[in-house]
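Trainee:
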Amino acid sequence: MSTAVHSDQLSVEHLLGIKELTTADIELIFRTADGFKEVLNRPIKKVPSLRDITIANLFFESSTRTRVSFELAEKRLSADVVNFSSSGSSVSKGETLVDTVNNILAMKVDMVVMRHPDPGAAVFLSRHVDARIVNAGDGTHEHPTQALLDAYSIREKLGKVKGVKVLIVGDILHSRVALSNILCLKQLGAEVMLCGPSTLMPRHIEDLGVRLEYDLDKALAWCDVANMLRIQMERQGDDGVSNFPSLREYAMRYGLDLERYKRIGKDVVIMHPGPINRGVEVTSQVADHANSIILDQVENGVAIRMAVLYLLAARIPRQGV
Amino acid sequence: MSAFPILTAKAFGLTVGRLCYQLIEDHGNLEGVALIGLQPRGILLARRLRTELGRITGTQEFRYGELDITFHRDDFRHRATPLAPSATQLDFMLDGRKVVLVDDVLYTGRTIRAGLDALLAFGRPASVQLLVLIDRRFSRELPIQPDYVGKWVDSIGEQRVTVEWKEIDGADQVLLHAADNDGLNSTTFAQGTSADR
Numbered sequence: 013m014s015t016a017v018h019s020d021q022l023s024v025e026h027l028l029g030i031k032e033l034t035t036a037d038i039e040l041i042f043r044t045a046d047g048f049k050e051v052l053n054r055p056i057k058k059v060p061s062l063r064d065i066t067i068a069n070l071f072f073e074s075s076t077r078t079r080v081s082f083e084l085a086e087k088r089l090s091a092d093v094v095n096f097s098s099s100g101s102s103v104s105k106g107e108t109l110v111d112t113v114n115n116i117l118a119m120k121v122d123m124v125v126m127r128h129p130d131p132g133a134a135v136f137l138s139r140h141v142d143a144r145i146v147n148a149g150d151g152t153h154e155h156p157t158q159a160l161l162d163a164y165s166i167r168e169k170l171g172k173v174k175g176v177k178v179l180i181v182g183d184i185l186h187s188r189v190a191l192s193n194i195l196c197l198k199q200l201g202a203e204v205m206l207c208g209p210s211t212l213m214p215r216h217i218e219d220l221g222v223r224l225e226y227d228l229d230k231a232l233a234w235c236d237v238a239n240m241l242r243i244q245m246e247r248q249g250d251d252g253v254s255n256f257p258s259l260r261e262y263a264m265r266y267g268l269d270l271e272r273y274k275r276i277g278k279d280v281v282i283m284h285p286g287p288i289n290r291g292v293e294v295t296s297q298v299a300d301h302a303n304s305i306i307l308d309q310v311e312n313g314v315a316i317r318m319a320v321l322y323l324l325a326a327r328i329p330r331q332g333v
Numbered sequence: 411m412s413a414f415p416i417l418t419a420k421a422f423g424l425t426v427g428r429l430c431y432q433l434i435e436d437h438g439n440l441e442g443v444a445l446i447g448l449q450p451r452g453i454l455l456a457r458r459l460r461t462e463l464g465r466i467t468g469t470q471e472f473r474y475g476e477l478d479i480t481f482h483r484d485d486f487r488h489r490a491t492p493l494a495p496s497a498t499q500l501d502f503m504l505d506g507r508k509v510v511l512v513d514d515v516l517y518t519g520r521t522i523r524a525g526l527d528a529l530l531a532f533g534r535p536a537s538v539q540l541l542v543l544i545d546r547r548f549s550r551e552l553p554i555q556p557d558y559v560g561k562w563v564d565s566i567g568e569q570r571v572t573v574e575w576k577e578i579d580g581a582d583q584v585l586l587h588a589a590d591n592d593g594l595n596s597t598t599f600a601q602g603t604s605a606d607r
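Chains as they are written, first to last, in this note's numbering: chain X, 13 to 333; chain V, 411 to 607.
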């Protein structure tokens, strides 16, 4: 069968970042995820598509939800899965990244899902090893599957992404979720506004075509969707400077509690990439509010990751047939 | 490419009607039957049958669903591009039900194999039967046979059979398309490579 390339195929061989994806790619991932979402609601939530594919999950940085979400997605697709985390491995004995990965690939692994603390680690790996790479977060750079599932959740809740006003609140400086989200939402035609302490706002970020607002109440009045990012405690003070005086002050100025939410006077959709610091970014009453789609995001995460793995695996040539 | 009608609108309607009566003959008032159309084109026949059966029996004792088999296909990574999935609408369990799988054309049998595989994700049916509008017998690649057939077509591999529907194509008819340089009466039995969908 020698049909020419058309839009039923991704334009990329690896998922390194949103930056490399076309609008057609993102729409294809969403369409495919619709199918997997239905699979996830079946009594038996498993399809045989990837049963001849082996996937290694390499987590060089701690993660619970992303790792579990990827692992579930892989298992629902019938792939064989090996997990690897840096603690207690040869990485702590001084092995390089390429050596670590090549050792794993020598055991015939087809795809690698990697979380790494260094920006660009996924791109670097894709150039030096012979496997499909899925970036599950590289430092403060990108986290493409999170951005895809966020945009997918908005599309599910509001029926579209184009023209929707999305507010991203919080630690933009340290957030790979923010960067991937901005790129993804802009690509799909949404309007994006950022809000947070000026110390957590990267310089020249407005060059990405986003609005800036430092007053959360004004920003909330503008938006349809508010994505409340997690304060990345582990990355604060990387440069030896504290970026905000205290969590309490952050919560007062940039946290969303029920009183502030009610003041907006419209049904703003609440999102959070997790894990939530309850009482900091959002209070429990807001996190569990009817307009919160935080748990839908988690559910959609598995469907989106299944779609990404399925579409990337489709591009792996078969061997020995 | 020349197209030759093998079922025109009138015969088409009669055939669908006959399939309904055959189902009623075998299953009485259709209690416990689950009629399941296979995406993408089998659902058009299944929807037609649902309407007709409801009209004939006056009640609707059977359950109805639509099943997408994309993720169960055996040609994933054999094709140049993956197929985009269609919607599955199946909001009941199949445990103990008499399933009738519905598709428009039975050709190699691979779609039906995938359909059987996909069905098992919804429970353990009491039985599974296969109903097709067109059976291209002699083209099978798997040991799968239909229980109800609208019309048999003994075509060679290079010919294509398409089923057109009033709802989307403008008219109910079944067409036999000859291969480009190959008349309808040709007897060259080449190995077919194209699927019907």
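All C-beta atoms in this analysis are idealised placements derived from N, C-alpha and C, irrespective of residue type, glycine included.
Predicted model, so just to flag it, every value in this text is computed and none were measured.
1. Exposed or buried, V/Leu543, counting other C-beta atoms within 10 Å across all chains shown (16 or more means buried)?
2. Give the secondary structure of X/Asn193 by DSSP, where H, G and I count as helix, E and B as strand, and everything else as coil.
3. At the level of alpha carbons, what is the spacing between X/Arg139 and X/Leu52?
4. Find the residues of chain V that neighbour X/Pro60, judging by a C-beta separation of less than 8 Å, and give them in chain order.
5. Specify, as a first and last residue, the run of the alpha helix (DSSP H) that X/Gln297 falls within.
6. Note down, in chain order, every chain X residue with its Cβ under 7 Å from the Cβ of V/Thr518.
7. To the nearest angstrom, report how far apart X/Met119 and V/Ala531 are at their CA atoms.
8. Beta-carbon of X/Tyr323 versus every beta-carbon of chain V: anything under 8 Å?
9. Which bits of chain V does X/Ala85 rub up against, with CB to CB less than 7 Å?
10. Would you call X/Asn115 buried or exposed, if buried means 16 or more other Cβ atoms sit within 10 Å of its Cβ?
11. From the DSSP secondary-structure annotation, give me the bridge partner or partners of V/Pro415.
12. At what residue ranges does the segment 526-582 of chain V contain a whole run of the alpha helix (DSSP H), taking only runs of 4 or more?
13. Spell out a yes or no on whether the segment 89-98 of chain X and the segment 131-151 of chain X are touching, meaning 3 or more CB-CB pairs, one atom from each, closer than 8 Å.
14. Suppose you measure from the CA of V/Gln601 to the CA of V/Pro556; what does that come to, to the nearest Å?
15. Going along chain V, which residues have a C-beta under 8 Å from X/Pro55?
16. Can you give me the Cβ contacts of X/Glu203 inside the same chain, cut-off strictly under 6 Å, excluding the 5 residues immediately before and after it?
17. Kindly give me the distance between the Cβ atoms of V/Glu471 and V/Asn439, rounded to whole angstroms, as I take these residues to be in contact under 8 Å.
18. Could you please give the first and the last residue of the uninterrupted beta strand (DSSP E) stretch that includes X/Asp92?
19. I need the boundaries of the beta strand (DSSP E) containing X/Glu203, first residue and last residue.
20. Taking DSSP as the reference, what is the three-state secondary structure of V/Asp501?
21. With a 10 Å radius around its C-beta and 16 neighbouring C-beta atoms as the bar for buried, classify X/Ile145 as buried or exposed.
22. Would you tell me roughly how many angstroms separate the C-alpha atoms of X/Leu160 and X/Asp236, rounded to the nearest one?
23. Along the segment 152-174 of chain X, what residues have a CB closer than 7 Å to any CB found in chain V?
24. According to the neighbour-count rule (16 or more other Cβ atoms, all chains shown, within 10 Å of its Cβ), is X/Gly182 buried or exposed?
25. Since I believe X/Ala238 is in contact with X/Val189 (beta carbons under 8 Å), could you give me their beta-carbon distance rounded to a whole number of angstroms?
26. Does chain X have any CB closer than 8 Å to the CB of V/Asp478?
27. Does the CB of V/Ala581 have a neighbour CB from chain X at under 8 Å?
28. Keeping to the same chain, check which residues put their C-beta closer than 6 Å to that of X/Lys49; ignore five residues upstream and five downstream.
29. With 8 Å as the threshold, decide whether the Cβ of X/Glu225 is near any Cβ in chain V.
30. With 8 Å set as the bound, which would you pick, yes or no: does the beta-carbon of V/Arg570 sit closer than that to a beta-carbon of chain X?
31. Can you give me the start and stop residues for the alpha helix (DSSP H) that X/Phe256 sits inside?
32. Roughly how many angstroms lie between the CA atoms of V/Arg483 and X/Asp20, to the nearest whole one?
33. Helix, strand or coil for X/Leu40, going by three-state DSSP, please let me know.
34. Looking at chain V, which residues of the segment 32-43 of chain X have a Cβ within less than 9 Å of any of its Cβ atoms?
35. So that I know if they touch, is there some Cβ in chain X lying closer than 8 Å to that of V/Thr491?
36. For X/Ile116, which residues in chain V fall below 7 Å Cβ to Cβ?
Mentor: This is what the structure gives:
1. Here V/Leu543 is buried: its Cβ has 16 or more other Cβ atoms, across all protein chains shown, within 10 Å.
2. For X/Asn193, the three-state secondary structure derived from DSSP is helix.
3. 34 Å
4. Phe481, His482, Asp527
5. Its alpha helix (DSSP H) spans residues 296-299.
6. Residues of chain X passing the Cβ test: none, with the nearest at roughly 13 Å.
7. 32 Å
8. Looking at the sequence provided, one finds Leu at residue 323 of chain X rather than Tyr. Closer than 8 Å: yes.
9. Per Cβ cutoff of 7 Å: no residues; X/Ala85 is ~13 Å from chain V at best.
10. Exposed: under 16 other Cβ atoms inside 10 Å.
11. V/Leu585
12. 576-579
13. no
14. Legend: pLDDT at V/Gln601 = 34, less than 50; position of this residue unreliable, no value from coordinates given.
15. Met503, Ala531, Phe532, Gly533
16. If you ignore the 5 residues before and after X/Glu203, its C-beta comes within less than 6 Å of the C-beta of Lys177, all in its own chain and listed in chain order.
17. 5 Å
18. 92-97
19. Note, X/Glu203: beta strand (DSSP E), 203-207.
20. coil
21. Buried is the label assigned to X/Ile145, since at least 16 other Cβ atoms lie within 10 Å of its Cβ.
22. 18 Å
23. none
24. buried
25. X/Val189 to X/Ala238, Cβ: 14 Å. No contact.
26. yes
27. no
28. Within the same chain, and ignoring the five residues on either side of X/Lys49 in sequence, the residues whose Cβ sits closer than 6 Å to its Cβ are Ala315.
29. no
30. no
31. Looking at the DSSP string, X/Phe256 is not in any alpha helix (DSSP H), and its letter there is neither H nor E.
32. Rounded to whole angstroms, V/Arg483 and X/Asp20 show a C-alpha spacing of 16 Å.
33. helix
34. Of all residues in the segment 32-43 of chain X, Leu40, Arg43 have a Cβ within less than 9 Å of some Cβ in chain V.
35. yes
36. Under the 7 Å cutoff, chain V gives no residues; its nearest Cβ is about 22 Å from X/Ile116.
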